[in-house]
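Engineer: Below you will find the structure I want to go over with you.
Number of protein chains: 2
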Amino acid sequence: MTSEMLAKPMGTNPVVIRRVMAGLRDQGYVRSEKGHGGGWTLACDLSRVTLRDVYVALGSPSVLAMGNRTETPGCLVEQAVNAALGQAFEDAEALLLVRFGEVTLAMLSTDVHERLIARGKSHHLENTHA
Amino acid sequence: MTSEMLAKPMGTNPVVIRRVMAGLRDQGYVRSEKGHGGGWTLACDLSRVTLRDVYVALGSPSVLAMGNRTETPGCLVEQAVNAALGQAFEDAEALLLVRFGEVTLAMLSTDVHERLIARGKSHHLENTHA
DNA sequence: CCATTATGCAACATATGATGTTTCATGAGG
DNA sequence: CCTCATGAAACATCATATGTTGCATAATGG
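Chains as they are written, first to last, in this note's numbering: chain A, 217 to 346; chain B, 217 to 346.
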């Protein structure tokens, strides 16, 4: 698949695709080839790569929208809040990462194929996007 | 306390303070008075108000930085991912809210006072910010 | 061997939301 | 009645995410 083939149905730009895929390529999950007939190819066992692996490959962006503003604040109120909620934030983040790690790409692939069948029509990537 | 007295040590603007406090006032946790000698006063029992109450009063902003992009997407891949992670997001959010609900403002107040003593000096709000 | 086609990379543009600022109206004291 | 406070709206600024453009590089296929 070329970046353009991927970008079109997702309604975005080929360069954006390349930016995202770069992380996956660096981890060896996909390979990219230049030139005529080039593009992206899978380079991993889908049953051995989880959404957590993907998450990490993409740079482990923060999963929480809030958290301690400062790790070691001078403000005593902030210190108190950090002490009260710090563990909660860590726990919530850890929970999400564990769940991410329980989902393999193979599971998603299987699910997508089942949904395709359930929809009862033949499809190409192009029209799986409404 | 006036908005200005609160804003200064937090390094922000009085208007920003008013914006935030408006939510707390609407819930009756604080009261505001205009004119000479006016400002903000506490109007609740600190032991009966939790950080979750504050969170809700502030408009329940999303606690997660990610989540389902669409609730009922046409894209089958997105459907599969939503199915795989939707519960995880809900669980993580629920966990955080529960933890928020376990912390009362009274607990924070006590903690702040202990930290004041531990620091071994007398303080005013002005210099509790480093 | 060279035109085509793809990625890689950097720079720039745009959109969005959070935060900060200004201004004016209103009300409460002294 | 002058001062000082909040309330509200409009505007400015900033940071980030996303999208776009341009060009270099590499590989294929005719």
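Heads up, the beta-carbon is just placed ideally off N, CA and C, and yes, glycines get one too.
Taking the alpha carbon of B/Gln-303 as the point to measure from, which residue in A/Arg-234, A/Thr-257, A/Val-314 has its own alpha carbon closest?
Structural biologist: Position 87 of the second sequence holds residue 303 of chain B. Comparing Cα-Cα distances from B/Gln-303 to each of A/Arg-234, A/Thr-257, A/Val-314, the minimum goes to A/Val-314.
Engineer: Given this structure, state the Cα-to-Cα distance separating A/Gly-239 from A/Leu-321, to the nearest angstrom.
Structural biologist: Here residue 239 of chain A is taken as the residue at index 23 of the first sequence, counted from 1. Here residue 321 of chain A is taken as the residue at index 105 of the first sequence, counted from 1. Cα-Cα distance, rounded: 16 Å.
Engineer: Would you mind reading off the limits of the alpha helix (DSSP H) that contains A/Arg-285?
Structural biologist: To locate residue 285 of chain A, count along the first sequence from 1; it is residue 69. Neither: A/Arg-285 is in no alpha helix (DSSP H) and is coded neither H nor E.
Engineer: Would you mind telling me which residues of chain A sit closer than 7 Å to B/Arg-315, beta carbon to beta carbon, in chain order?
Structural biologist: Counting from 1 along the second sequence, the entry for residue 315 of chain B is found at position 99. The answer, in chain order, is Leu-301, Ala-304.
Engineer: How many Å lie between B/Met-323 and A/Val-297 at the Cα?
Structural biologist: In the second sequence, the residue the question calls residue 323 of chain B occupies position 107. In the first sequence, the residue the question calls residue 297 of chain A occupies position 81. Approximately 10 Å, taken between the alpha carbons.
Engineer: Starting from the beta carbon of B/Ala-243, find every residue of chain A whose beta carbon is closer than 9 Å, and list them in chain order.
Structural biologist: Here residue 243 of chain B corresponds to residue number 27 of the second sequence, with the count starting at 1. The amino acid occupying residue 243 of chain B in the given sequence is Gln; Ala does not appear at that position. Residues of chain A passing the Cβ test: none, with the nearest at roughly 19 Å.
Engineer: Whose C-alpha, out of A/Met-226, A/Ala-299, A/Val-270, is nearest the C-alpha of B/Gly-290?
Structural biologist: Within the second sequence, numbered from 1, the residue matching residue 290 of chain B stands at position 74. The option with the nearest alpha carbon to B/Gly-290 is A/Met-226.
Engineer: Using a threshold of 8 Å, state whether the C-beta atoms of B/Arg-234 and B/Ser-219 are closer than that.
Structural biologist: For this step, residue 234 of chain B is matched to residue 18 along the second sequence. For this step, residue 219 of chain B is matched to residue 3 along the second sequence. Contact flag set, yes.
Engineer: Shorter than 8 Å from the beta carbon of B/Leu-311 to some beta carbon of chain A?
Structural biologist: Here residue 311 of chain B corresponds to residue number 95 of the second sequence, with the count starting at 1. It does: the Cβ of B/Leu-311 has a partner Cβ on chain A nearer than 8 Å.
Engineer: Within this structure, are the beta carbons of B/Met-237 and B/Val-246 separated by less than 8 Å?
Structural biologist: Here residue 237 of chain B corresponds to residue number 21 of the second sequence, with the count starting at 1. Here residue 246 of chain B corresponds to residue number 30 of the second sequence, with the count starting at 1. Yes, the pair counts as a contact, with Cβ atoms nearer than the cut-off.
Engineer: At a Cβ threshold of 8 Å, is A/Val-328 touching chain B?
Structural biologist: Sequence index remark: in the first sequence, residue 328 of chain A carries index 112 (1-based). Closer than 8 Å: yes.
Engineer: Name the two residues that bound the continuous beta strand (DSSP E) containing A/Thr-326.
Structural biologist: The residue labelled residue 326 of chain A in the question sits at position 110 within the first sequence. Careful: A/Thr-326 lies outside any beta strand (DSSP E), inside the alpha helix (DSSP H) at 321 to 335.
Engineer: Can you give the Cα-Cα distance for A/His-252 and A/Ala-300, rounded to whole angstroms?
Structural biologist: To locate residue 252 of chain A, count along the first sequence from 1; it is residue 36. To locate residue 300 of chain A, count along the first sequence from 1; it is residue 84. Roughly 58 Å between the two C-alpha positions.
Engineer: Mapping DSSP to helix, strand and coil, what is A/Ser-219?
Structural biologist: Position 3 of the first sequence, counting from 1, holds the residue named residue 219 of chain A. Helix.
Engineer: Relative to the C-alpha of A/Ser-276, which residue among A/Trp-256, A/Leu-312, A/Gly-255 is closest?
Structural biologist: Against the first sequence, residue 276 of chain A aligns to sequence position 60. With distances taken between Cα atoms, A/Ser-276 lies closest to A/Leu-312.
Engineer: Taking the alpha helix (DSSP H) that B/Gly-317 falls in, what are its first and last residues?
Structural biologist: Mapped onto the second sequence, residue 317 of chain B falls at position 101. First-last of the alpha helix (DSSP H) with B/Gly-317: 292 to 317.
Engineer: In this structure, does DSSP put B/Val-270 in helix, strand or coil?
Structural biologist: Locating residue 270 of chain B in the second sequence gives position 54, where the first residue counts as 1. Looking at B/Val-270 - three-state DSSP - the assignment turns out to be helix.
Engineer: Apply the 10 Å Cβ neighbour rule to A/Ala-259 and answer buried if 16 or more other Cβ atoms are within range, or exposed otherwise.
Structural biologist: Residue mapping note: residue 259 of chain A aligns to position 43 of the first sequence, counting from 1. Counting Cβ neighbours within 10 Å, A/Ala-259 comes out exposed, since fewer than 16 surround it.
Engineer: Would you say B/Val-232 faces chain A, with C-beta separation under 8 Å as the test?
Structural biologist: Walking along the second sequence from the start, residue 232 of chain B turns up at place 16. So, not an interface residue.
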